[in-house]
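First comes the structure, then the notes that go with it.
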Amino acid sequence: NAGVTQTPKFQVLKTGQSMTLQCAQDMNHEYMSWYRQDPGMGLRLIHYSVGAGITDQGEVPNGYNVSRSTTEDFPLRLLSAAPSQTSVYFCASSPSPIYEQYFGPGTRLTVT
Amino acid sequence: DAKTTQPNSMESNEEEPVHLPCNHSTISGTDYIHWYRQLPSQGPEYVIHGLTSNVNNRMASLAIAEDRKSSTLILHRATLRDAAVYYCILMEYGNKLVFGAGTILRVKS
Chain L
8 NAGVTQTPKF QVLKTGQSMT LQCAQDMNHE YMSWYRQDPG MGLRLIHYSV GAGITDQGEV
68 PNGYNVSRST TEDFPLRLLS AAPSQTSVYF CASSPSPIYE QYFGPGTRLT VT
Chain A
119 DAKTTQPNSM ESNEEEPVHL PCNHSTISGT DYIHWYRQLP SQGPEYVIHG LTSNVNNRMA
179 SLAIAEDRKS STLILHRATL RDAAVYYCIL MEYGNKLVFG AGTILRVKS
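Right under this line is the structure:
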């Protein structure tokens with residue numbers, strides 16, 4: 008199993024550009040989440056999904072969209088990048104509503 | 119979301135046990151206590167979780183107070199590779215994690 012994979016590893020965007028961060032898992036997990044981590048801070052939940060076709064907002068959803076058309080993939084779209092979205096983005100998956108989450112290696116995004 | 123309180127940092131000597139405390143006085147009856155750790159430049163890694171009883175796994179032990187208002191993560195023999203930020207998190211049913219600032223664990227050789 009590859010686990011949770013994220014692409015790209017690094018990305019630089021100009022203000023106003025849009026892009027999609029990719030997240031995929033091969034463990035057939037129903038639960039998937041997106042977090043951002045600013046320097047020196049803990050992770051904050053952006054969006055999460057409890058299964059294909061079902062998504063909901065977390066703590067900091069503004070400026071981000073998600074969709075979940077398959078169990079495996081959970082892409083995160085930045086609609087119009089802003090410098091405040093400079094952060095490290097982590098995707099995670101879990102097999103159940105109470106069990107552990109498995110995290111990907113992260114995408115480091117810089118918006119200039 | 120129920121909150122947790124952890125010390126900002128702790129220090130340990132290599133090969134000695136480490137006890138990382140966490141207070142969660144507003145925990146509800148259905149909240150699970152999860153611990154994760156994050157090594158530098160990596161994503162968080164699951165360590166252990168429990169509901170009411172103490173739990174052991176290959177990485178650590180989790181001791182939960184009888185009233186569930188506090189818990190302690192126990193690393194039995196700290197190594198340099200255990201130096202990380204440790205997060206104590208209350209997970210509600212539905213698999214949402216709300217991270218706090220965590221405890222920075224430093225291990226001295």
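These protein sequence lines are chains L and A, in that order.
By our numbering, the letter at position 33 of the first sequence is numbered 40, and the numbering carries on one by one without gaps.
By our numbering, the letter at position 9 of the second sequence is numbered 127, and the numbering carries on one by one without gaps.
Think of the CB as a built atom: it goes at the ideal place given N, C-alpha and C, for glycine as much as any other residue.
Since the structure is predicted, the reported quantities are computational estimates derived from the model, not experimental observations.
Partner residues on chain L for residue i, Cβ-Cβ distance less than 8 Å
i	result
Val-216 (chain A)	Leu-52, Glu-66
Buried or exposed (CB count within 10 angstroms, at least 16 for buried), residue i
i	result
Gln-160 (chain A)	exposed
Gly-111 (chain L)	buried
Val-165 (chain A)	buried
Gly-23 (chain L)	exposed
Phe-81 (chain L)	buried
Pro-162 (chain A)	buried
Thr-12 (chain L)	exposed
Ser-171 (chain A)	exposed
Leu-198 (chain A)	exposed
Ser-76 (chain L)	exposed
Leu-223 (chain A)	buried
Distance CB(residue i)-CB(residue j) smaller than 7 Å
i	j	result
Leu-85 (chain L)	Met-26 (chain L)	yes
Tyr-109 (chain L)	Ser-100 (chain L)	yes
Gln-18 (chain L)	Leu-116 (chain L)	yes
Ala-9 (chain L)	Asp-33 (chain L)	yes
Ile-192 (chain A)	His-152 (chain A)	no
Tyr-38 (chain L)	Val-57 (chain L)	yes
Thr-93 (chain L)	Val-73 (chain L)	no
Val-225 (chain A)	Glu-132 (chain A)	yes
Val-95 (chain L)	Gly-113 (chain L)	yes
Pro-125 (chain A)	Thr-221 (chain A)	yes
Neighbouring residues, chain A, relative to residue i (Cβ below 8 Å)
i	result
Gly-111 (chain L)	Gly-161
Ser-101 (chain L)	Asn-213
Val-57 (chain L)	Gly-212, Asn-213
Bridge partners - residue i, DSSP secondary structure assignment
i	result
Phe-17 (chain L)	L:Arg-115
His-36 (chain L)	His-36 (chain L) is not bridged to any residue.
Glu-163 (chain A)	A:Arg-155
Met-209 (chain A)	A:Tyr-150
Asp-63 (chain L)	L:Tyr-55
Thr-221 (chain A)	A:Tyr-204
Pro-139 (chain A)	A:Thr-190
Glu-129 (chain A)	A:Arg-224
Thr-197 (chain A)	Thr-197 (chain A) pairs with nothing; no bridge assigned.
Asn-72 (chain L)	L:Arg-84
Chain L residues whose Cβ lies nearer than 7 Å to that of residue i
i	result
Ala-219 (chain A)	Gly-49
His-167 (chain A)	Glu-107
For residue j and residue i, the rounded distance between their alpha carbons
i	j	result
Pro-139 (chain A)	Ile-53 (chain L)	28 Å
Ala-181 (chain A)	Ala-88 (chain L)	44 Å
Ala-188 (chain A)	Tyr-204 (chain A)	Note on identity: in this sequence residue 188 (chain A) is Ser, with Ala being the wrong assignment. Distance between the alpha carbons of Ser-188 (chain A) and Tyr-204 (chain A): 15 Å.
Thr-123 (chain A)	Ala-183 (chain A)	15 Å
Lys-214 (chain A)	Ala-202 (chain A)	22 Å
Ser-146 (chain A)	Arg-186 (chain A)	9 Å
Gly-218 (chain A)	Ser-127 (chain A)	13 Å
Thr-148 (chain A)	Phe-97 (chain L)	26 Å
Met-177 (chain A)	Asn-141 (chain A)	21 Å
Tyr-106 (chain L)	Ala-196 (chain A)	25 Å
Lys-21 (chain L)	Ser-91 (chain L)	12 Å
Gly-212 (chain A)	Tyr-42 (chain L)	16 Å
Ser-130 (chain A)	Gly-60 (chain L)	46 Å
Ser-143 (chain A)	Leu-50 (chain L)	22 Å
Under 7 Å by beta carbon: chain A residues contacting residue i
i	result
Pro-104 (chain L)	Tyr-211, Gly-212, Asn-213
Listed by chain order, chain A residues near residue i by CB distance under 9 Å
i	result
Tyr-96 (chain L)	Ordered by position in chain A, no residue passes the 9 Å Cβ test against Tyr-96 (chain L), which lies about 10 Å from the chain.
Tyr-71 (chain L)	Result: empty, since nearest Cβ-Cβ is about 16 Å, beyond 9 Å.
Closer than 7 Å between beta carbons: that is the criterion. Which residues of the stretch 199 to 213 of chain A meet it against chain B? As a matter of chain content, chain B is missing from the structure shown, whose protein chains are L and A.
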